[in-house]
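I have placed the structure first, in the form of C-alpha cells, so that the comments after it can refer back to it.
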Amino acid sequence: MSPTHNNVKSLSNRIFRSVLTFTLIVLFVFGTVMSAIFYTTYERDAEEDLSSAAQNIATSLGDLDSQACEQALSQQFSDAFRYTLIDTDGAVLYDSVADASTMENHADRPEVREADERGRGEVSRYSSTLGTVTLYSAVKLQNGDVVRLSETRESLVAFFGGMMGPIALTLLVAIMLVFLLSQRLTSRIMQPIDALDFANPLENEIYEEMDPLLERIDDQQRQLREQNKDLARAETMRRDFSSNVSHEMKTPLQVISGYAELMRNDMVDPADRQKFAGLIYDEAQSMRALIDEVLTLSRLDETSFDGESATLIDMLEASKRVVGRLSSFAHDRGVSVEVSGDSACIAGSETLVEEMLYNLVENGIRYNHEGGSVSVSVRLELPTSAEQADDIRALPAGERGRMRAVVRVSDTGPGIPEDKQEKIFERFYRLEKSRSKETGGTGLGLAIVKHAVMYHKGSVRVESEEGKGTVFILRIPTA
1 MSPTHNNVKS LSNRIFRSVL TFTLIVLFVF GTVMSAIFYT TYERDAEEDL
51 SSAAQNIATS LGDLDSQACE QALSQQFSDA FRYTLIDTDG AVLYDSVADA
101 STMENHADRP EVREADERGR GEVSRYSSTL GTVTLYSAVK LQNGDVVRLS
151 ETRESLVAFF GGMMGPIALT LLVAIMLVFL LSQRLTSRIM QPIDALDFAN
201 PLENEIYEEM DPLLERIDDQ QRQLREQNKD LARAETMRRD FSSNVSHEMK
251 TPLQVISGYA ELMRNDMVDP ADRQKFAGLI YDEAQSMRAL IDEVLTLSRL
301 DETSFDGESA TLIDMLEASK RVVGRLSSFA HDRGVSVEVS GDSACIAGSE
351 TLVEEMLYNL VENGIRYNHE GGSVSVSVRL ELPTSAEQAD DIRALPAGER
401 GRMRAVVRVS DTGPGIPEDK QEKIFERFYR LEKSRSKETG GTGLGLAIVK
451 HAVMYHKGSV RVESEEGKGT VFILRIPTA
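First residue of the sequence shown: 1, per full-length UniProt numbering; consecutive thereafter.
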C-alpha cells in the first residue's frame, strides 16, 4: 500500500487537516470582518471629527471678511487638517498646503457647490494612483465664502495591505497551535478506539456512532462461530462416517474372505459348498446395500440431486410400487403390508422418494414379528392441526400454508424408546446392534429418509411406544 494511500486513511491526518482548514477559514473570515468593521468605524469617526472641526472653524470665523478669514486661518489653526478658503466665485483665496495662486477654480467641486447651496457639504474622493481616500468637509461662512477642511487617509485596500504582516503572523501561530491541538485531540479520540475489545464488541464503552459497526461485528462473529461449529460438526461427522463405513465393510469382507479361502483350499465339505456360497452371496449383498446407501447419502450431502429436473410424483403410486418390490421380503418374514389413501402429488426426485419409502417399509418389515403388519397411508392435509406445530415450524416459511402430502408408515414392531426417537436418524445408529446384525440392517436407512425429506422441503417425525409399534409421519408440500 502506497504512503499516499496511508495518509488518506489516517484518522490523525484527517483530523489535523479538518481542524486546520476550519481554523484558518474562521480566522480569515473573522479577521476580514473585524478589520472591515474597524476600518468603517474609524473612517466614520474621522468623518465626524472633520465635519465637527469644519463647523467649529466656521463658527470661529463668524462674520469676518475674506482677508480676515485668510489671516485667521494662517495664524490661529493647527496643521492637523488642510484648510482651504474659497470665495463666492470659486477662486481659492488660501490653502494651508499649496500656493493658492496656482490652484484652479473650485466652484465646480461637489462639496463647494453643496456648501454654497445648503450651507455645508461633505464628500470623499478615492485616488487609485496613490491608493488613498481624501475626505472633504466644506461650510459656508456668513460673508459668502466657503471654508473647506480635508484629510487624506488610507483606502480600505491599502489598509488591508498593511494588515497582511500581522495576519500572516497570526496564521502561523494558529497553524502551530492547531497542529498541537489536533495531536492532542486525535489522541483523545483514538484512545477508546484503540482500547476496543473486538472479542466482545457489545461490551465496549465507545462513541454511540460506532454502535452499528460493533453490532455488525458481533453479528458476524456469531455467524462465524456458528459456521465454525457447523464445520467442526461436519468434520466430526465425516470422520465418524468414514470410520463407520470402514468398520461396517470390514465384517462382511472378513466373512467373504474367510469362506472363500476355505473353499479355495478345499477345506469345505462338498455338501456344504452350497451353504458357504449362500453365506458369501448374502454378505456381498449386504456390502452392496451398504455401498448404495453410502453413495446416496454422499450425493445428498453434496446436493448432487439438485441437478436433476423435478418430476411430478404421486406418493400413493410410489408407495404401491415400493410395497410391490418388498412383497417377497414381507412374505418371507411373515409380515403383511397394505397401502391405502388418496392420490397426493409432489415435485422432486423420484429416485429419492422411492428410496425413502423403501427404507421405511423395509424397516417396518425387518423389525417386526411374524404375523405382524405394516400399513402405508397417503393423505392430503392442511398444516392446521395443533399436534403438527413442530412440523409446521420445520417447514420453510413460504411452504407453511400449502397443502401437504402426508405419508404414515405404521408397523406392529417392538416400538422405539422415547429417549432414542431422535437418535434413530443418526448415521449408523442402531437400537440393538446385535439384533440389527441379525436382521441385516445397515444403520443408514433412516438417515437417508431424513435427508431425502429435507431435500423435498418436508419434515419427518416418529411416534412410538415400546411394545405398541411405531409410526413414521412424512409431510411434504404438494406440487
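Virtual Cβ for every residue (Gly too), placed ideally from N, Cα, C.
For this session: Might you give, ordered along the chain, the residues of its own chain that have their beta carbon closer than 8 Å to the beta carbon of Pro-212, omitting 5 neighbours on each side?
Result: In the sequence shown, residue 212 corresponds to position 212, counting from 1. Here the set comprises nothing.
Exercise. Nearest to Val-123 by CA position, among Leu-141, Ser-101, Asp-197 and Leu-149, is which residue?
Worked result: Stepping through the sequence shown from its first residue, residue 123 is reached at position 123. Residue Leu-149 is the option with its Cα nearest to Val-123.
Problem set entry | Residues bridged to Asp-411 (per DSSP) | Residue 411 sits at position 411 when you count from the first residue of the sequence shown. Its beta-bridge partners are Val-374 and Thr-470.
Problem set entry | Closest Cα partner of Ala-479 within the set Ser-60, Glu-48 and Thr-311 | Numbered from 1 along the sequence shown, position 479 holds the residue referred to as residue 479. Answer by Cα proximity: Thr-311.
Exercise. Any C-beta of chain D sitting closer than 9 Å to the C-beta of Val-112?
Worked result: In the displayed structure, chain D is absent; only one protein chain is listed.
Exercise. Over what stretch of residues does the alpha helix (DSSP H) that includes Gly-324 continue unbroken?
Worked result: Counting from one through the sequence shown, the residue named residue 324 turns up at place 324. Counting along the chain, the alpha helix (DSSP H) containing Gly-324 begins and ends at 315-325.
For this session: Below 6 Å CB to CB, which residues in the same chain sit around Phe-16 once its five sequence neighbours on both sides are set aside?
Result: Position 16 of the sequence shown, counted from the start, is the residue given in the question as residue 16. Cβ within range, chain order: Ser-182.
Problem set entry | Three-state class that DSSP yields for Thr-152 in the structure shown | Here residue 152 is taken as the residue at index 152 of the sequence shown, counted from 1. Three-state DSSP puts Thr-152 in a strand.
Exercise. For Lys-140, which of helix, strand or coil comes out of DSSP?
Worked result: Working through the sequence shown from its first residue, we reach residue 140 at position 140. Correct three-state label for Lys-140: strand.
For this session: Look at the Cβ atom of Val-294, then the Cβ atom of Met-356, and state whether they are nearer than 9 Å.
Result: As a first step, residue 294 is located in the sequence shown; it is residue number 294 there, counting from the start. As a first step, residue 356 is located in the sequence shown; it is residue number 356 there, counting from the start. The answer is no: Cβ separation not under 9 Å.
Exercise. Is DSSP giving Leu-64 helix, strand or coil here?
Worked result: Translated into positions along the sequence shown, residue 64 becomes position 64. Coil at Leu-64, not helix or strand.
Exercise. Counting along the chain, where does the alpha helix (DSSP H) carrying Ala-107 start and finish?
Worked result: As a first step, residue 107 is located in the sequence shown; it is residue number 107 there, counting from the start. Taken as a continuous stretch (DSSP letters only), Ala-107 belongs to no alpha helix (DSSP H), as it is neither H nor E.
Problem set entry | Whole-number beta carbon distance between Arg-120 and Ala-98, since they are thought to touch under 8 Å | Reading the sequence shown from its first residue, position 98 is the one you call residue 98. Reading the sequence shown from its first residue, position 120 is the one you call residue 120. Incorrect: roughly 23 Å between the Cβ atoms, too far for contact.
Exercise. Should Phe-22 go down as buried or exposed, given a rule of 16 or more other Cβ atoms within 10 Å for buried?
Worked result: The residue labelled residue 22 in the question sits at position 22 within the sequence shown. So Phe-22 ends up on the exposed side.
Problem set entry | Nearest neighbour of Glu-203, chosen from Phe-179, Leu-214 and Arg-233 [CA to CA] | Taking the sequence shown and counting its residues from 1, the one referred to as residue 203 is at position 203. Measuring from the Cα of Glu-203, the nearest candidate turns out to be Leu-214.
For this session: Along the alpha helix (DSSP H) that carries Glu-351, what are the first and last residues, could you check?
Result: On the sequence shown, residue 351 is found 351 positions in, with the first residue counted as 1. Correcting the residue type first, residue 351 is Thr in the shown sequence and not Glu. Where Thr-351 is concerned, the enclosing alpha helix (DSSP H) stretches over 350-366.
Problem set entry | Nonlocal neighbours in the same chain, by C-beta distance under 7 Å from Pro-417, ignoring five residues either side | What you label residue 417 is simply residue 417 of the sequence shown in a count that begins at 1. So the list reads Glu-466, once near-sequence residues are dropped.
For this session: Determine the extent of the beta strand (DSSP E) in which Leu-93 is found, giving its start and end residues.
Result: As a working note, residue 93 is residue 93 in the sequence shown. Residues 92-95.
For this session: Inspect the CB distances between the stretch 186-200 and the stretch 41-52 and report whether three or more fall short of 8 Å.
Result: no
Exercise. For Ser-327, which residues of its own chain have a beta-carbon under 6 Å away from its beta-carbon, when the five flanking residues on both sides are left out?
Worked result: Locating residue 327 in the sequence shown gives position 327, where the first residue counts as 1. For Ser-327, where only same-chain residues beyond five positions count, there are no Cβ hits under 6 Å.
Exercise. Under a three-way DSSP split, which group does Leu-224 fall into?
Worked result: If you number the sequence shown from 1, residue 224 lands on position 224. The answer is helix: DSSP assigns Leu-224 an H, G or I state.
For this session: Determine the direct distance from the alpha carbon of Arg-222 to that of Gly-258, and round the result to whole angstroms.
Result: Translated into positions along the sequence shown, residue 258 becomes position 258. Translated into positions along the sequence shown, residue 222 becomes position 222. Between Gly-258 and Arg-222, the C-alpha separation is close to 53 Å.
For this session: Please state whether DSSP places His-369 in a helix, a strand or coil.
Result: What you label residue 369 is simply residue 369 of the sequence shown in a count that begins at 1. His-369: coil per DSSP, three-state reduction.
Problem set entry | Three or more C-beta pairs below 8 Å linking the stretch 168-178 and the stretch 93-113 | no
Exercise. In whole angstroms, what separates the C-alpha of Gln-421 from that of Thr-470?
Worked result: Mapped onto the sequence shown, residue 421 falls at position 421. Mapped onto the sequence shown, residue 470 falls at position 470. Rounded to the nearest angstrom, the two C-alpha atoms are 10 Å apart.
Exercise. With 16 other CB atoms within 10 Å as the buried threshold, where does Asn-228 fall?
Worked result: For the purposes of this step, residue 228 is taken as the residue at position 228 of the sequence shown. Exposed.
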